[in-house]
Structure formats: structure tokens, C-alpha cells
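Residues -24 to -1, 1 to 493 in mature numbering (1 follows the signal peptide of the UniProt record, and there is no 0) are what the sequence shown spells out, letter by letter.
Glycine included, each C-beta is placed from N, C-alpha and C at the ideal position.
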Amino acid sequence: MAAAGERRLLVGLLLLALVVSAHCLDGGHHGPRMKRRRKKREIHSPVKTVVVVVMENRSFDHVLGWLRAGRPDIDGLTGTESNRLNASDPASPEIFVTDKAGYVDSDPGHGFEDIREQIFGSADTSAVPPPMSGFAQNARGMGLGMAQNVMSGFAPDSVPVYAALADEFAVFDRWFASVPTSTQPNRLFVHSATSHGLTFNARKDLINGFPQKTIFDSLEEDGLSFGIYYQNIPATLFYQSLRRLKHLVKFHQYSLKFKLDASRGKLPNYVVIEQRFVKEVYETLRASPQWNETALIITYDEHGGFYDHVPTPVVGVPQPDGIVGPDPYYFKFDRLGVRVPSFLISPWIEKGTAIHEPNGPFENSRYEHSSIPATVKKLFNLRANYLTKRDAWAGTFENYLKVRKTPRTDCPEKLPEVTKSLRPFGANEDKSLSEFQVELIQLASQLNGDHVLNSYPDIGKTMSVGEANRYAEDAVSRFLEAGRSALRAGANESALVTMRPALTSRAAMSTGLSSEL
């Protein structure tokens, strides 16, 4: 009873912090504001639900390159591709690609400088096309065997789910990361066609949130629905607009809601799923009554430092919004990142489709992450303008969903079982956090209000994976619970939520989690 009372008090304190700090109560109204119902845009496409899954840090050749042996229509590996340990020395030892990739515990370089070296072999970025010659050289300094690791890919029998999806549906062999840098800038492009000037994972910017318009806003303007299904913390909260009270009801715990919504045919028009087992996501969608109106897009945020032989586009790529990156590079966002694995899965897709270069809208258009909002705009006939110059330029793939007159009935209900584990000892919850995980904990600290404390710059550095997971889940749960309570209390649904640290610090201590980590 004491714990329950403490919990009720905690929620009340959190709600008070949220309401006061965000100024989100509408003083001119008593009770909840009346929502103006937008007329829902009519969708003429056979696809009414688009599901997006963005995985983490793999190149096309690393994951799918060896499919070429059985699928010559896919631009993959032949076994003759190589890098020298010293890209500028023709006498340097040569490292050839192999199909012996295993689980790589250490993280190959994939920051802006790393990728420049991997693509060009040096700091000179003038080569057109780039030689893709510096992967082994860049990895060499990271430890024994890393050069061979980044040059190795998976044999098809090591990735049976992906091999089956490539045979049953469509694989893109010319889809590139949006920007030649790390995780978060590329993830921002997926739903907004810009990173708003972010070229590296600058934590202060990530925590404050990014103000650009997103595809979520365009969908809302036309009365269409969206939902985010997350595991422990939704990275889409890096978009500032998704922190508005009205959008908090769009966030759902994957384990509680995704399968339930799919089985009931209640998935929204645009579905974002944080990283999950692809087999589970596919089989859930395949069993849904919405399957015949669904398209699943799977891609990777960036290549993670692993080799790819296809030259990165470096000419004719438009700046999204005129924003230049910070010093010391002042990057103009005028070239793409490395090629990444991407799939288009739907009963409207012919078996064994290989999608190469797009047919427009410009002669030099390419598939990249901005292709997702660009395609959704066309597929759903959205009235809003393109988000930036980048999605106006990016190739779109809606026509591949309009080839057939009827949906296929032979799509597999189940995908192959994974019998060979690439990580036989399971996840290590006692290890330190990766860069990406630290960024998510920084986001969690913002949701908690802990980001303004003196300890903020070091938060996450001493946490294990298990501790961080609990901290993140608790922060998101309280943030969403307080926001929903504020809505029920009559708060202005357009208010941005900001939590106060004095109250959330007390909350953290009451749950045994110290905000001074």
C-alpha cells in the first residue's frame, strides 16, 4: 500500500513538473480542449500501411554481398575485391573479401573522419568515383584481425532470413546512407530528409531535440495515423515535435502492443519499429488481416565501418536545407554515405525482385533514407510539400508496389529458423555501453529531467547495459505516463514536454536509481 501511495504521489509530482515547466495548461478553457478533426486523406494505393524498421551499422556487402553467387542480378561480391593495408602503397599487403564473417564485438570506425578514409583512402576527397580503398587501412589500427573482419561478409546460410526475403520479395542494391557519418544523423534523415546540420552524434543537440518538420507532421496534416513501437526507449524522441503532448499516445511498447494491434488489424498508416528480430516482425505482419495492404521497409542506418565495393555518390547530391555542419569540416551534406542493405516486402512485390538505380525524379537521383518520406508522400498522396530538397531529389519506389493487379497469395507465412548463432554466448548485460547506447541514455536523462544536473555529462559512462536498460525503461515510462495524465487534466496538446530535475531526481532515488550516475 505504501509503495502504491508513493507511486501515485510520484505521478502527481511528475505531472506538476510537466505542466508548470511546459506551460501546457490552457488557462482559457475548463477541461480538455476540443480536437479539430482533420478530414482523412483518401489513399488510392493498394498499400495503406507502411512499416519501417531501421537496423544498425552494416554495409550491403557485409550482409548481402555473397548472395550474388546464387543471384547474379544482385550487385554483390565476386571474391576478387580487396583493400590494401596502406591504401597509398601498391606494395602493401592486400586483404581480400571473404564469406567468413562472424559476430564483431568491437566497433569498427564509422565517424565522419573514418568514413572519409574508408571511401577515399585519404583525406583527399576529390576522386570521382571514390575508390572505396581505405576500409582495411582504417581498421588496421583498431586491433589484430580487424582489417580482415571489416573485409568479410556473411555467407547466405549465415543470414537465412535475409536470403529468404531477397528471394521472396525485393532487395535494393543501390540504397545508400544519407550522409557519410555515424548513426543519429542518418536516422534523422529517415523521417525528415535532413539531420538539421548534425554530422556527428553531438549529445547536446540530440538531447535538446531537432526542430525540423517530419513525415509524421505531413501525415497528421492529412488526417493519417502513425505509431511508434519501441523496446526500451524510442529514438524518434530525438525529433522535437514528437515530444508534444498530443503525440505521446502514439508511442507503444513493442512487447505489449505490436502483435496485438497487428492481429486486430489496427496498425496505423505509418508504423515505426525500433530494432527488432526481422523474422518476428515479418511473421507478425504476415499473419495480420492488414497484410494485403502492407509494405515493410527494412534498411540500415549506416555501414558501421564494414567494406562495400560500390562507389558512394559524391556528385550532384543536393543540400537538404542549406544548413552547413559545424567545424572543423563544415560539411555541406552534398555526398551520400556507404551502401547499406535494404528490402521492400509486400504481397504486391514480385518474387526475386532486384531494384537497382531509380528512374528519377532527376537523372542522378539515388535511393537513400530520404526515399522513405518521399515514397510515403507519393504512396499516400500527401498534400504537404517535400520536407527538404533531399527527399524531393531522392528516388522513390512506389511503382514497384503497383505492378501487380492483385496481391500474391504465395508469400511464406514463416521464414527460416536461425540455427547458427552469430553471438553464441548471448547478450552481455554487464558490459559497458556503446556510443549509440550512451546517446540513448542521454535522451533518457532528458526525459527524466536529469540532463540539467551537474552529473549529466558523465551519465551512462559508468552504467552497464543492464543498468542502462532499466534506467531508460523507467524514464520513458514516467515521461509517457505524466504526459498522458496531463492530457487527461486538460493540457494544451501542442505543448512540448519538459521535465524538472528536482522532482525527477527524487523519483529516481525512490526507485533505487541515482540521478548522480
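Nearest candidate by alpha-carbon position, reference residue i, set the options
i    : options                : result
H345 : Q160, P48, H86, D75    : Q160
R34  : K180, V293, E405, V316 : V316
L43  : R252, S98, F148        : F148
T382 : S21, N162, K16         : S21
E256 : H38, T74, P392, G301   : P392
G173 : D297, R366, W151, L409 : D297
L200 : S461, K437, T25        : T25
F36  : K222, S318, Q124, Y79  : S318
G129 : I183, N208, P69, A45   : A45
L53  : V73, N59, R150         : V73
V352 : H332, I191, F152       : I191
C387 : A77, G241, E32, S322   : S322
T438 : Q418, V452, Q422, E457 : Q418
L164 : Y305, W267, S347, N404 : S347
S134 : R47, F227, D75         : D75
D65  : T56, I50, A465, Q113   : Q113
K396 : P304, P48, G78         : G78
E278 : I331, N162, A350       : N162
H249 : V30, E18, R17          : A small correction: the amino acid at residue 249 is Ile; His does not occupy that position in the sequence shown. Taking only the C-alpha atoms, the option nearest I249 is V30.
DSSP beta-bridge partners of residue i
i    : result
N125 : Answer is none; N125 lacks a bridge partner.
F186 : Y215
V248 : V28, I204
N59  : I71
A271 : V26
S408 : S440
Y276 : M31
W151 : Y343
R116 : In the DSSP output, where bridge partners are listed per residue, R116 has none listed.
DSSP three-state assignment for residue i, whether helix, strand or coil
i           : result
Q229        : strand
S109        : coil
H6          : Only weak support exists for where H6 lies, its pLDDT of 38 falling under 50; the value from the coordinates is given anyway. H6 falls in the coil class under three-state DSSP.
E326        : coil
A(-3)       : Because the pLDDT at A(-3) is just 43, under 50, the model does not fix this residue reliably, and the point stays unresolved.
G41         : helix
T101        : coil
T474        : coil
residue 498 : Only positions -24 to 493 of the chain appear in this structure, which leaves residue 498 out of reach.
Y343        : strand
K76         : strand
A146        : strand
Y376        : helix
R384        : coil
S461        : helix
S440        : strand
F455        : helix
A263        : coil
R17         : coil
A483        : Legend: pLDDT at A483 = 38, less than 50; position of this residue unreliable, no value from coordinates given.
I95         : helix
I50         : coil
I209        : coil
R240        : coil
Beta-carbon proximity of residue i to residue j, cut-off 9 Å
i           : j    : result
K233        : Y205 : yes
S217        : K189 : yes
P287        : P132 : no
R454        : N424 : yes
A238        : T212 : no
A360        : S168 : no
F176        : F111 : no
G281        : D83  : yes
K407        : S461 : no
L358        : L377 : no
N59         : S109 : yes
I91         : T170 : no
I273        : L141 : no
A451        : I71  : no
R262        : E457 : no
Y276        : V137 : no
residue 497 : V104 : Outside the displayed span of the chain (-24 to 493) sits residue 497, for which this structure offers no information.
F202        : V166 : no
R240        : E326 : no
L243        : Q266 : yes
R366        : Q295 : yes
R150        : D49  : no
Spell out a yes or no on whether the region 115 to 124 and the region 303 to 322 are touching, meaning 3 or more CB-CB pairs, one atom from each, closer than 8 Å. no
Using 8 Å as the threshold, is the region 323 to 343 in touch with the region 371 to 378, meaning 3 or more CB pairs across them? yes
Do three or more CB pairs link the region 433 to 444 to the region 462 to 473 at distances below 8 Å? no
Under 8 Å, with one C-beta from each stretch per pair, do the region 86 to 95 and the region 277 to 295 reach the 3-pair mark? yes
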